[in-house]
Amino acid sequence: MTLVIVIAAILWPLRIGDEFWPTGWQQLVRAGHLKWFATGPMLYLLICLAIIGLVSWHRLRKWAILILLIFVIAHLSWFLYHGLFDPWQVRWDEEKPTLTKRKGPEDDPYLAFGREQPGLDCPPWGPARVAYSRSTFDNTQLIKGGFAVLGWPGKPLIPRLHLVLRDICSGFPHELLVEKFDTRFFQNMSAGIVWLDRTYPGGIPETVSWKACLGYRGLKYLNPVPRLFTLDRLRSSAPDEQKAALMKGDLKELVWIDPQETAFPNRRDHPASPAHFNDLQRKNRILSFQTSNPNRLEIEIEVTVPSMLVCTDIYGPGWTATVDSAPAELLQVNYLQRGVWLESGEHRVEMRFQPRAMKIWFFTAPIGLVIVIILIVVGIRKNPSYGRSVS
Numbered sequence: 331m332t333l334v335i336v337i338a339a340i341l342w343p344l345r346i347g348d349e350f351w352p353t354g355w356q357q358l359v360r361a362g363h364l365k366w367f368a369t370g371p372m373l374y375l376l377i378c379l380a381i382i383g384l385v386s387w388h389r390l391r392k393w394a395i396l397i398l399l400i401f402v403i404a405h406l407s408w409f410l411y412h413g414l415f416d417p418w419q420v421r422w423d424e425e426k427p428t429l430t431k432r433k434g435p436e437d438d439p440y441l442a443f444g445r446e447q448p449g450l451d452c453p454p455w456g457p458a459r460v461a462y463s464r465s466t467f468d469n470t471q472l473i474k475g476g477f478a479v480l481g482w483p484g485k486p487l488i489p490r491l492h493l494v495l496r497d498i499c500s501g502f503p504h505e506l507l508v509e510k511f512d513t514r515f516f517q518n519m520s521a522g523i524v525w526l527d528r529t530y531p532g533g534i535p536e537t538v539s540w541k542a543c544l545g546y547r548g549l550k551y552l553n554p555v556p557r558l559f560t561l562d563r564l565r566s567s568a569p570d571e572q573k574a575a576l577m578k579g580d581l582k583e584l585v586w587i588d589p590q591e592t593a594f595p596n597r598r599d600h601p602a603s604p605a606h607f608n609d610l611q612r613k614n615r616i617l618s619f620q621t622s623n624p625n626r627l628e629i630e631i632e633v634t635v636p637s638m639l640v641c642t643d644i645y646g647p648g649w650t651a652t653v654d655s656a657p658a659e660l661l662q663v664n665y666l667q668r669g670v671w672l673e674s675g676e677h678r679v680e681m682r683f684q685p686r687a688m689k690i691w692f693f694t695a696p697i698g699l700v701i702v703i704i705l706i707v708v709g710i711r712k713n714p715s716y717g718r719s720v721s
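For the sequence shown, position 259 matches number 589 in the numbering used here, and the numbering has no gaps at all.
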């Protein structure tokens, strides 16, 4: 029975690959090794239980339980901070732009898309994101990591994101089926392509039908907003107006901020022209951008014109920002994106996910672990036969 449970735990995550690979087994073979799927803490926990069940010598079994308990808790601690699925990475600088994936097949359709589309494979802000016409909520962020349409991470589910997804999708919150393509939401979230599992709807402005790939058809957006950009035009508005701009407007014209943000008294709030936007990106050069950790974005930028640095990832509680190692205010802009104001100069910006619950957990978990160890040791000393197999 234990063996069956372990095998089931291995095979269950492979269903995640159904969006591109027909079967879980094919995905396993193409990935090249089992390690990619063995990072789930539940799998390790089941293996530990199997080991305990197989150890019959009572003296060894006593300490096996203690050691495995410590191991499982340590692994769970790691898992709470890292993502389950390995993300794509952008490592970009002016001399050597690269797009890499640490694990998985090199012939992934998205990597092929990036290689075949000049200008999308290695701009300073990284390649355009990917969206899916049908997916679960988790897959919209985990399948491609930071390159999914919701970025890293879309959780916790803030109310504004809830409202947006309900407007364009059916099946929320389980299986999402995009019903509305006549919206600029995908372009404004930096999505360069939507993989369709049905007929191309047609008639959508600023899009072309891309080629079919493994049973999917790519709907390519011609003018997505960069994942990272700077803009010196700010407009204060109510959430409803911001939402309308996200769904129907062009975020290259204005950065929309909440009315309570009063730190920008001299802001210009008239829309920027395309020429002004492009000129500003040349003046405020992104020197490097790394996404190797799903809970941290590292950006180096040279700012000539004081502007708002906008990241089209989802804003959420627990995200903080530093500029040159000093705490900075991370703003919720454009209804549900992130923004940091930067003055002139060369800056290192870091956005880090540190939710309050995680801080509390890191403080209380060691205390709980010590208590558990004490209870186990006391139990072993009081009952020397603890762990002995019953014959």
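Every residue gets a Cβ at the ideal spot worked out from N, C-alpha and C, and that includes glycine.
### Query
What are the boundary residues of the alpha helix (DSSP H) that includes Phe516?
Phe515 to Asn518
### Message
Can you check which of these residues, Leu526, Ala605 and Ala521, is closest to Glu536 by C-alpha distance?
### Response
Ala521
### Task
Check the C-beta distance from Arg598 over to Asp562 and give it rounded, since I have them as a contact under 8 Å.
Arg598 to Asp562, Cβ: 7 Å. Contact.
### Task
Tell me, please, which residues DSSP counts as bridged to Thr642.
Thr642 is not bridged to any residue.
### Query
Comparing alpha-carbon positions, which option in Val555, Ser566 and Val538 lies nearest Gly548?
Val538
### Query
If you draw a straight line from the C-alpha of Pro454 to the C-alpha of Ile631, how long is it?
Legend: pLDDT at Pro454 = 47, less than 50; position of this residue unreliable, no value from coordinates given.
### Message
Need the endpoints of the alpha helix (DSSP H) that Gln611 sits in, please.
### Response
Unbroken alpha helix (DSSP H) run through Gln611: Pro604 to Lys613.
### Query
Counting along the chain, where does the alpha helix (DSSP H) carrying Glu571 start and finish?
Here the alpha helix (DSSP H) through Glu571 covers Pro569 to Lys578.
### Task
Provide the residue(s) that pair with Thr537 in DSSP beta bridges, ordered along the chain.
Tyr551
### Query
Where does Ile690 fall in DSSP's three states?
helix
#### Entry: Strand pairing of Glu676, partner residues [DSSP]
Residue pairing from DSSP places Glu676 in a beta bridge opposite Glu632.
### Query
Under the rule that 16 or more other beta-carbon atoms within 10 Å means buried, what is Thr634, buried or exposed?
exposed
### Task
Using only alpha-carbon positions, find the residue among Ile701, Tyr665 and Leu699 that is nearest to His492.
Tyr665
### Message
Pop quiz: Thr642 and Gln684 are said to be a contact at Cβ under 8 Å. What is the actual Cβ separation, rounded to whole angstroms?
### Response
So it is not a contact: roughly 21 Å between Cβ atoms.
### Query
Taking the C-alpha atoms as reference points, what is the distance between Asp654 and Glu673?
12 Å
### Message
With the cut-off set at 8 Å, would you say Ile701 and Leu396 are in Cβ contact?
### Response
Pairing Ile701 with Leu396 gives a Cβ-Cβ distance that is not under 8 Å.
### Task
Inspect the beta-carbon positions of Ala461 and Val524 and report whether they are closer than 8 Å.
Val524 is positioned such that its CB atom lies closer than 8 Å to that of Ala461.
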